[in-house]
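Working notes, structure below.
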Amino acid sequence: NLACDIALPCATQNELDADAARTLLSNGCLCVAEGANMPTTLEAVDLFIEAGILFAPGKASNAGGVAVSGLEMSQNAMRLLWTAGEVDNKLHNIMQSIHHACVHYGEENGRINYVKGANIAGFVKVADAM
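Here the working numbering = 1-based position in the sequence shown + 46.
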């Protein structure tokens, strides 16, 4: 029941439910960014979006680990050796691309709905691959 600006649920699925969301909102939370796989219930997500706070879904904000695993597989398959700085640069570009896609597809009434943006961007990526 503490005041906070940013909440980062990073442990388990359904860590933040509707009651926890209401508590965060009433305590002035401005941003929730998921750092785990589905740590926020759908009801809580809806409350955050309705309240107009920045909500970053895990499929976008937690993509870094999966991205680096993909980079490692590419590096191994091509028998390359990238420096930590090169991997950081590649990861930065991937995360920046995810952000831009979320903004592009998620803009609503002057605000960014990152859930909508991430979902549409994901569908477009799959459709383009077909």
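The beta carbon of each residue, even a glycine, is placed where N, CA and C say it ideally should be.
Would you check if the distance between the CB atom of residue i and the CB atom of residue j is smaller than 7 Å?
i           : j           : result
residue 152 : residue 159 : yes
residue 82  : residue 148 : no
residue 175 : residue 144 : no
residue 64  : residue 89  : yes
residue 117 : residue 133 : yes
Among the residues of its own chain, which have a CB less than 6 Å from the CB of residue i, if the five just before and after it don't count?
i           : result
residue 75  : 50 and 53
residue 102 : 79 and 160
residue 163 : 148, 151 and 152
In whole angstroms, what is the alpha-carbon distance linking residue i and residue j?
i           : j           : result
residue 62  : residue 87  : 6 Å
residue 85  : residue 100 : 16 Å
residue 140 : residue 113 : 7 Å
residue 97  : residue 123 : 46 Å
residue 58  : residue 104 : 12 Å
residue 131 : residue 171 : 27 Å
residue 165 : residue 135 : 25 Å
residue 120 : residue 142 : 20 Å
residue 128 : residue 154 : 39 Å
residue 111 : residue 73  : 31 Å
residue 126 : residue 138 : 19 Å
Have a look at the DSSP bridge pairing and note the partners of residue i.
i           : result
residue 133 : BP columns for residue 133 are empty, so no partner.
residue 101 : 78
residue 52  : 77
residue 154 : 157
residue 86  : 62
Kindly give me the distance between the Cβ atoms of residue i and residue j, rounded to whole angstroms, as I take these residues to be in contact under 8 Å.
i          : j          : result
residue 93 : residue 68 : 7 Å
Tell me which residues share the same chain as residue i and place their Cβ nearer than 7 Å to its Cβ, disregarding the 5 neighbours each side in the sequence.
i           : result
residue 95  : 101, 159 and 161
residue 157 : 98
Quick one: what's got a C-beta closer than 8 Å to residue i's C-beta in the same chain, skipping five residues either side?
i          : result
residue 71 : 93, 94, 97 and 99
residue 55 : 61, 62, 78, 80, 81, 82, 85 and 86
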